[in-house]
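To start, the structure itself, in structure tokens.
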Amino acid sequence: MLEAISHLGEKVQQINVYIKEHFGPWGLATFYLLSGYFAFQLLLRILKVAFQIVLYVFVPSLILAYWGSVITTFSIFKILPFTSVLFMGISILKR
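The opening position of the sequence shown corresponds to residue 14 in the numbering used here, with each subsequent residue numbered one higher.
This is the structure in structure tokens:
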């Protein structure tokens, strides 16, 4: 694992040298800014999907499992997998 990370570091260094030789320090600064922007956008997309899963799957399935356990004799932990699958299916069908 550490060998792969060090190999990745060598590749990044080669890219830095190539960009600096062909485009100068401004090209390298632009590369860093664009790389940071793309990484930030990727992180925002991942967080957006995570919050949507919590909002549309986790919370409703917990509420339905709670009320199912109040109404029936089953435990909330036995009902929760079924309600989670139900709301995941509804979320997939909505898209």
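All residues carry an ideal CB built from backbone N, CA and C; glycine is no exception. Keep in mind that this is a model prediction, so the values were computed, not measured.
Return the CA-CA distance between residue i and residue j, expressed in angstroms with no decimal places.
i	j	result
Leu56	Ile89	33 Å
Ile28	Arg58	26 Å
Gln26	Pro38	14 Å
Ile92	Phe64	23 Å
Met101	Glu23	42 Å
Gln54	Val62	12 Å
Leu106	Thr96	15 Å
Gly160	Leu21	The structure shown does not extend to residue 160, since the chain spans only 14 to 108, so no value can be given for it.
Glu34	Leu60	37 Å
Tyr3	Val70	The structure shown does not extend to residue 3, since the chain is modelled only from 14 through 108, so no value can be given for it.
Any heavy atom of the ligand COA closer than 7 Å to the CB of residue i?
i	result
Glu34	Of ligands this structure carries none, so the ligand COA is not represented either.
Could you please give the first and the last residue of the uninterrupted alpha helix (DSSP H) stretch that includes residue i?
i	result
Val72	72-84
Phe87	That residue, Phe87, is in no alpha helix (DSSP H); it is neither H nor E in DSSP.
For a test of the three-state rule: what should DSSP assign to residue i, helix, strand or coil?
i	result
Ser48	helix
Arg58	helix
Would residue i be called buried (16 or more neighbouring beta carbons within 10 Å of its own) or exposed?
i	result
Thr85	exposed
Val67	exposed
field: Touch test, the segment 75-88 against the segment 39-46, Cβ-Cβ under 8 Å, three pairs minimum
entry: no
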